[in-house]
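Student:
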């Protein structure tokens, strides 16, 4: 496996894997600047993109697709696709996967994937992508097993995203469920209690009370925990500067980020990154 940073990126990597055991052909996470182009290309396997930040327009075959944060874009084998026109700064995950080894390991995942592009909101797939990135960028024991499990998790998450929406198993107020999803999937946004309350049509004080009753903490603390969880991963796996990372996560400045990070972890972002790379 080789990890490279394609020319012109703000940050990120491309992992050329071609692993017949896991089925992973390539994958990566990239922060792309304005005016960056991805030329027409195709693969003999499925290629899966997840838009994290920014808005882009992709073309696949004769169709055009507008990708917003949280949008899944899965392209079937052999279909030519490309970034249609120049766009602003954006950030995305991607992976090309041969499904045959996955189905041999996980027969329950045998399903007829469509012969056409899959484009839908599926921000929950980010968790599976994040685990795949950790396996590719961190030296763990049992790397081969970890990589195969991460690929299986990603395929499972995509399959679930394509299936009818599952009914929640735990009773939770719909407004709390919506706010929780927003904070988990769009933690880079500048969420205030009033803005969250407006999204779900409740008074701010009532939303704060409901949220704390269900999750044991107020929304802003829950938001900061999600941001710091993501910060730990990016400090370990990306080459983003501390300032760029802070802004990517939704903090107002690197100083604000450092204060919150120290509060949650007891150390600074710089020290955490250094300790992970010793």
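Numbering (the numbering used here), first residue to last: 9 to 286. C-beta: ideal position from N, C-alpha, C; glycine also. On a predicted model such as this, the values are computed, not experimentally measured, just so you know.
Mind checking which residues open and close the alpha helix (DSSP H) that includes residue 253?
Tutor: Within the chain shown, the letter at position 245 stands for residue 253. Residue 253 -> alpha helix (DSSP H) spans 250 to 257.
Student: Do the segment 74 to 92 and the segment 148 to 157 meet, that is, are 3 or more Cβ pairs less than 8 Å apart?
Tutor: At 8 Å Cβ cutoff, the stretches do not touch.
Student: At which residue ranges does the segment 101 to 152 contain complete alpha helix (DSSP H) runs of 4 or more residues, listed in the order of the chain?
Tutor: Qualifying alpha helix (DSSP H) stretches, in chain order: 107 to 113 and 133 to 145.
Student: Cutting at 7 Å between CB atoms, please list the residues of its own chain near residue 20, excluding the five before and the five after it.
Tutor: Against the chain shown, residue 20 aligns to sequence position 12. 13, 36, 37, 38, 39 and 246, listed in sequence order.
Student: Counting along the chain, where does the beta strand (DSSP E) carrying residue 45 start and finish?
Tutor: Taking the first residue of the chain shown as 1, we reach residue 45 at position 37. Element bounds for residue 45: n/a, residue is neither H nor E.
Student: Suppose contacts are defined by Cβ-Cβ distances below 8 Å. Is residue 159 in contact with residue 30 by that definition?
Tutor: Within the chain shown, residue 159 is the residue found at index 151, counting from 1. Within the chain shown, residue 30 is the residue found at index 22, counting from 1. Yes, they are a contact pair.
Student: In angstroms, rounded to a whole number, what distance separates the CA positions of residue 51 and residue 277?
Tutor: By 1-based counting over the chain shown, the position of residue 51 is 43. By 1-based counting over the chain shown, the position of residue 277 is 269. The straight-line gap from Cα to Cα measures roughly 38 Å.
Student: Bridge partners of residue 81, per DSSP?
Tutor: For the purposes of this step, residue 81 is taken as residue 73 along the chain shown, with counting starting at 1. According to DSSP, residue 81 bridges with 57 and 127.
Student: Have a look at residue 272 and residue 25 and give me their C-alpha separation to the nearest angstrom.
Tutor: If you number the chain shown from 1, residue 272 lands on position 264. If you number the chain shown from 1, residue 25 lands on position 17. If you take the alpha carbons of residue 272 and residue 25, they lie about 35 Å apart.
Student: Span of the beta strand (DSSP E) holding residue 22?
Tutor: As a working note, residue 22 is residue 14 in the chain shown. Its beta strand (DSSP E) spans residues 19 to 24.
Student: Could you give the DSSP three-state label for residue 15: helix, strand or coil?
Tutor: Here residue 15 is taken as the residue at index 7 of the chain shown, counted from 1. Three-state result, residue 15: coil.
Student: Can you look up residue 65 in the DSSP assignment and give me helix, strand or coil?
Tutor: Locating residue 65 in the chain shown gives position 57, where the first residue counts as 1. Of the three classes helix, strand and coil, the one that applies to residue 65 here is strand, per DSSP.
Student: How long is the line joining the alpha carbons of residue 141 and residue 161, rounded to whole angstroms?
Tutor: Residue mapping note: residue 141 aligns to position 133 of the chain shown, counting from 1. Residue mapping note: residue 161 aligns to position 153 of the chain shown, counting from 1. In a straight line, the C-alpha of residue 141 is about 12 Å away from that of residue 161.
Student: Looking only at its chain, what residues have a beta carbon closer than 7 Å to the beta carbon of residue 46, apart from the 5 residues adjacent to it on each side?
Tutor: By 1-based counting over the chain shown, the position of residue 46 is 38. Closer than 7 Å at Cβ, skipping near neighbours: 90 and 91.
Student: Keeping to the same chain, check which residues put their C-beta closer than 6 Å to that of residue 127; ignore five residues upstream and five downstream.
Tutor: Locating residue 127 in the chain shown gives position 119, where the first residue counts as 1. 73 and 81, listed in sequence order.
Student: Cα separation between residue 263 and residue 280?
Tutor: Here residue 263 corresponds to residue number 255 of the chain shown, with the count starting at 1. Here residue 280 corresponds to residue number 272 of the chain shown, with the count starting at 1. Using only the alpha carbons, I get a separation of about 15 Å.
Student: In its own chain, which residues sit with a C-beta less than 6 Å from the C-beta of residue 226, not counting the 5 before and 5 after it?
Tutor: As a position in the chain shown, residue 226 is number 218, starting the count at 1. Cβ within range, chain order: 216 and 220.
Student: Excluding sequence positions up to five away, which residues of its chain have a Cβ less than 7 Å from the Cβ of residue 23?
Tutor: Here residue 23 is taken as the residue at index 15 of the chain shown, counted from 1. Contacts found: 9, 11, 34, 35, 36 and 144.
Student: Go through its chain and collect everything with a Cβ distance to residue 136's Cβ below 6 Å, but skip five positions before and after it.
Tutor: As a position in the chain shown, residue 136 is number 128, starting the count at 1. Counting only Cβ-Cβ distances below 6 Å, and skipping sequence neighbours, we find 161, 162 and 165.
Student: Near residue 259, what residues of its chain come up, given a Cβ to Cβ distance below 8 Å and the 5 sequence neighbours on each side ignored?
Tutor: Position 251 of the chain shown, counted from the start, is the residue given in the question as residue 259. The residues are 235, 265 and 268.
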